[in-house]
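**Student:** My questions will all concern the structure given below.
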Amino acid sequence: MLTLRSLAFNFVFYVNLIVQMIVWTPYYFLSPRHRAWFVPKFWSRTSMWLYDKMALTKNDITGIENLPEGSFILAPKHQSFWDAIAFYPYLEDPLYILKRELTWIPFFGWYIMKMRMIPVDRGSRSKALKAVVNATKEEMARNPRQLIIYPEGTRRPPGAEPSYKYGIVEIYAQLGVPVVPVAHVAGLYWPRRKFLRYPGTIKARFLPPIPPGLDKEEFMRRLVGETEAACDQMLVEAAQGPNPPPMPPTAAKRLAELGAAKA
Numbered sequence: 000m001l002t003l004r005s006l007a008f009n010f011v012f013y014v015n016l017i018v019q020m021i022v023w024t025p026y027y028f029l030s031p032r033h034r035a036w037f038v039p040k041f042w043s044r045t046s047m048w049l050y051d052k053m054a055l056t057k058n059d060i061t062g063i064e065n066l067p068e069g070s071f072i073l074a075p076k077h078q079s080f081w082d083a084i085a086f087y088p089y090l091e092d093p094l095y096i097l098k099r100e101l102t103w104i105p106f107f108g109w110y111i112m113k114m115r116m117i118p119v120d121r122g123s124r125s126k127a128l129k130a131v132v133n134a135t136k137e138e139m140a141r142n143p144r145q146l147i148i149y150p151e152g153t154r155r156p157p158g159a160e161p162s163y164k165y166g167i168v169e170i171y172a173q174l175g176v177p178v179v180p181v182a183h184v185a186g187l188y189w190p191r192r193k194f195l196r197y198p199g200t201i202k203a204r205f206l207p208p209i210p211p212g213l214d215k216e217e218f219m220r221r222l223v224g225e226t227e228a229a230c231d232q233m234l235v236e237a238a239q240g241p242n243p244p245p246m247p248p249t250a251a252k253r254l255a256e257l258g259a260a261k262a
């Protein structure tokens, strides 16, 4: 049943994406940008509803009171495709940094450019970072926006040793806005590079914002420490729950480390 549910959900998930992208096209492109945001947020909500009903995986996202008004940086853990779509409904005007090649994809790329996302050319990291900062400043000067950055860059399995990149430190220092860390262990239920979708409840939490103006080292210490502590707690809760999902080697290793430290 797990395999059948996973196959069915994956199929319907992408059909839902394609159908909505086509059906909503007139409204999306003829509406002002702030109204057009209804479309991707509606798609996010329907995707999570399908995930619940077909894969039997619920979402429990808390800490909404920690989201500041106006512009800020959202810094989620990156473990699966789930964390790329689940937070849209909670943000007023999300802003992504993405590879320019994505904007060349028919329909998908047009949708991206409508929302004034920030495409980046591959090449020098220093030049790319400077371009990102300048473009983000321009966007936040126009309207309050919420920049979504994955501090570890690429998707990592639950429980893996932290690998935070320095780019977010530079962006934090130059933008001068709060950073909201987001903790979750969605990779236990929607694993990266696998089609299986395990039942249960994905818990995610918007943590208290880290204020602007901190020393770079202090900011990184707080970002890593607060995010990883919350993720460790969620990992333990998931493992000790009534119907725990399979634990990948990284998660099993981390649980053993936490158990040894507590003993």
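Positions 0 to 262 (numbering that gives the first Met the number 0) are the ones given, in order, by the sequence shown. Cβ coordinates follow ideal geometry from the N, Cα and C atoms, glycine included.
In the structure shown, what three-state DSSP assignment does V131 receive?
**Tutor:** helix
**Student:** Say whether the region 157–165 touches the region 51–70, bearing in mind that this needs 3 or more beta-carbon pairs closer than 8 Å, one atom from each stretch.
**Tutor:** no
**Student:** Under the three-state reduction of DSSP, which class applies to D59: helix, strand or coil?
**Tutor:** strand
**Student:** Assuming I209 is part of the alpha helix (DSSP H), what are its boundary residues?
**Tutor:** It is not in any alpha helix (DSSP H) - I209 carries neither H nor E in the DSSP assignment.
**Student:** Taking the CB atoms as reference points, tell me whether A172 and K215 lie closer together than 8 Å.
**Tutor:** The answer is yes: Cβ separation under 8 Å.
**Student:** Does the beta-carbon of I111 have 16 or more other beta-carbons within 10 angstroms, so that it is buried, or is it exposed?
**Tutor:** Residue burial is scored here from C-beta neighbours: I111 has at least 16 other C-beta atoms within 10 angstroms and is therefore classed as buried.
**Student:** Which one of I60, L1, Y13 and M47 has the shortest CA to CA distance from R204?
**Tutor:** Nearest C-alpha to R204: I60.
**Student:** Between M116 and Y89, is the Cβ-Cβ spacing less than 8 Å?
**Tutor:** no
**Student:** In whole angstroms, what separates the C-alpha of P75 from that of R99?
**Tutor:** 22 Å
**Student:** Taking the C-alpha atoms as reference points, what is the distance between V132 and Q239?
**Tutor:** Straight-line spacing of the CA atoms in V132 and Q239 works out to 42 Å.
**Student:** Whose CA, out of L174, L29 and V181, lies closest to the CA of A83?
**Tutor:** The shortest C-alpha to C-alpha distance from A83 to any of L174, L29 and V181 is the one to V181.
**Student:** Using the C-alpha atoms, what's the distance from V179 back to A260?
**Tutor:** 28 Å
**Student:** Just verifying my parser: in three-state terms, what is the DSSP assignment at K40?
**Tutor:** In the structure shown, K40 sits in a helix (DSSP, three-state: H, G or I).
**Student:** Output the distance between the C-alpha atoms of E64 and D231, rounded to the nearest integer angstrom.
**Tutor:** 22 Å
**Student:** Please report the straight-line C-alpha distance between F80 and P190, rounded to a whole angstrom.
**Tutor:** 8 Å
**Student:** What do you get for K202, buried or exposed, if any count of 16 or more other CB atoms within 10 angstroms of its CB means buried?
**Tutor:** buried
**Student:** Do I209 and P177 come within 8 Å of each other at the CB atom, strictly closer than that value?
**Tutor:** yes
**Student:** CA-CA distance, E227 and M233?
**Tutor:** Straight-line spacing of the CA atoms in E227 and M233 works out to 10 Å.
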